[in-house]
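S.K.: Got a structure for you, written out below as structure tokens; questions coming shortly.
Protein chains in written order, with the working numbering: chain A, 1 to 243; chain B, 1 to 243.
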């Protein structure tokens, strides 16, 4: 039985993604603080679709060409030349419903484009905001799975690995998992699950500190709550739409 | 006070080493299963010194030039053309005392040469076999520290991260640690410390399975025991010697 199951791997950093065969896999882009939380939230609140772009320049250019919201951050703050940032709390239904969002972020949208370049068979995005939607989708997959953490400028981070671990914990029976990184993620998640905010705070998580310095405590708390925006964003023809 | 402490980072894979500034750091090469366990053991048992080389061909060539033991593995087994493998249990006092060991391994010696190429200020090697020697050395450092895991062909592994975590747990008061990877390692270690063999077995660690398939259970148990070969190997002028 075991070898008929598809495989599941966790890539802890974009700099490790090349180790896994994306061409045969559904790649789950994970950027908990905050890109993939924002993506789920905007779509949940009725955005028509999201165009993830890998540079601020492209974001600005698209903003000139089509009627859309241009948004993004670099180093955790609204990028120069853009009107909106990467806080999921900005994307209320009142603000985003029926609109197109063009988004660029330091790590998450960059990783999505790396996965594209590697010929990923399918790309979805995940974060605690849509934990159940993502795990339900995965357990019905026949593709192999790569849980791809966006990390922070290629450095492994706690929050993305926690979410990878939450997924492993929910879907592990359905996959063959010969991947130490996935087991490490699961162990970390089980340790933290009862109080994730407390866990990342007590572990002095680097991106937690960065965002706290900018006054984003509410964002962090939102991004660690399960299923607040429980839709499945899937990437097709340059756009993230609800599956 | 806090900012006067040197920094400590954990690189979970050779593919992440470039993210850290080796030129300002003491780099601890970590390859628990089994290179750095073997290095500690051979030196503890009286080897004159060890020449780590990054290819089987160089190992064979040195074997022709000097009176030495040539040893190494590829993919967990003795490499073709070499006389000895990478099992620490081979390097008894009777066998290795007074001799020079030339060693090449899939991950550990390769990583040591990467650290050299990156201009590491100082290189030492660590594993559970010399946990106390390494941690005592580190707490007296003024250099920054990089705990560099050898991993398995760049894929993060459990056992190297466990040892990094054991070091973090012992030395953390002496360093400024803004590094999620170090906190993840520490969490993993604290979870596993009471029964490391059981932990890596139950987590289906990939390299555990590889070595078990080759009949190396004794090696694994040896490599997870603290302080069985408690010397500090330091790299100078092409050689690993006891500090």
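All residues carry an ideal CB built from backbone N, CA and C; glycine is no exception. Here the structure is a predicted model, which means the values were calculated and not measured.
For a contact meaning CB atoms closer than 8 Å, what does residue 191/B contact in chain A?
M.R.: Correct list: 187, 191.
S.K.: Taking contact to mean at least 3 C-beta pairs separated by less than 8 Å, is the segment 216–224 of chain A in contact with the segment 189–208 of chain A?
M.R.: Yes, the segment 216–224 of chain A touches the segment 189–208 of chain A.
S.K.: Hey, quick one: how far does the beta strand (DSSP E) through residue 84/A stretch, first residue to last?
M.R.: From DSSP, residue 84/A is part of no beta strand (DSSP E); its letter is neither H nor E.
S.K.: So if I threshold CB-CB distances at 9 Å, which residues from the segment 142–159 of chain B count as touching chain A?
M.R.: The residues in question are 151, 152, 153, 154, 155, 156, 157, 158, 159.
S.K.: Compute the Euclidean distance between the alpha carbons of residue 246/A and residue 151/A, then round it to the nearest angstrom.
M.R.: Since the first residue of chain A shown is 1 and the last is 243, residue 246/A is not available in this structure.
S.K.: Going along chain B in order, which residues have a C-beta closer than 7 Å to the C-beta of residue 42/A?
M.R.: Within 7 Å Cβ-Cβ: nothing; residue 42/A doesn't reach chain B, min ~27 Å.
S.K.: Against chain A, does residue 33/B count as a neighbour if the rule is that its beta carbon must be under 8 Å from one of theirs?
M.R.: Chain A contact via Cβ: absent.
S.K.: Could you check whether the Cβ of residue 12/A sits closer than 8 Å to any Cβ belonging to chain B?
M.R.: Residue 12/A counts as touching chain B.
S.K.: Since residue 79/B meets chain A, which of its residues come closer than 8 Å, beta carbon to beta carbon?
M.R.: Per Cβ cutoff of 8 Å: no residues; residue 79/B is ~23 Å from chain A at best.
S.K.: How would you list, in chain order, the residues of chain B whose beta-carbon sits under 7 Å from the beta-carbon of residue 19/A?
M.R.: Within 7 Å Cβ-Cβ: 154, 155.
S.K.: How close, in whole Å, do the beta carbons of residue 26/B and residue 122/B come, if the pair is a contact with beta carbons under 8 Å?
M.R.: Contact holds; Cβ gap of about 4 Å.
S.K.: Are the beta-carbon atoms of residue 229/A and residue 129/A separated by less than 8 Å?
M.R.: Yes, Cβ-Cβ distance for residue 229/A and residue 129/A is below 8 Å.
S.K.: Given this structure, state the Cα-to-Cα distance separating residue 33/A from residue 83/A, to the nearest angstrom.
M.R.: Distance between the alpha carbons of residue 33/A and residue 83/A: 19 Å.
S.K.: Any Cβ of chain A within less than 8 Å of the Cβ of residue 195/B?
M.R.: Not an interface residue.
S.K.: Chain B partners of residue 111/A, CB-CB under 7 Å?
M.R.: Within chain B, no residue comes near residue 111/A; the closest Cβ sits about 15 Å away, beyond 7 Å.
S.K.: What ranges does the alpha helix (DSSP H) occupy inside the segment 61–110 of chain A, keeping only unbroken runs of at least 4 residues that lie completely in it?
M.R.: 93–96, all fully within the segment 61–110 of chain A.
S.K.: Rounded C-beta distance between residue 240/A and residue 76/A? I'm assuming under 8 Å.
M.R.: Not quite, the Cβ-Cβ distance comes to about 21 Å (not below 8 Å), so this is no contact.
S.K.: Counting only beta-carbon separations shorter than 8 Å, does residue 178/B have a partner in chain A?
M.R.: Cβ-Cβ to chain A under 8 Å: yes for residue 178/B.
S.K.: So for residue 20/A, helix, strand or coil by DSSP?
M.R.: Three-state DSSP puts residue 20/A in coil, outside helix and strand.
S.K.: Out of 87/B, 114/B, 99/B, which has the shortest C-alpha to C-alpha gap to residue 217/B?
M.R.: Measuring from the Cα of residue 217/B, the nearest candidate turns out to be 87/B.
S.K.: Just verifying my parser: in three-state terms, what is the DSSP assignment at residue 244/B?
M.R.: Beyond the ends of chain B as shown, which are 1 and 243, falls residue 244/B; an answer cannot be given.
S.K.: Does the beta carbon of residue 66/A come closer than 8 Å to any beta carbon on chain B?
M.R.: No, because no Cβ of chain B sits closer than 8 Å to the Cβ of residue 66/A.
S.K.: Checking contacts by CB at 8 Å: is residue 184/B closer than that to chain A?
M.R.: It does; some Cβ of chain A falls within 8 Å.
S.K.: What residue from 117/A, 54/A, 47/A has the CA that sits closest to residue 69/A's CA?
M.R.: When each option's Cα is compared against that of residue 69/A, the closest is 47/A.
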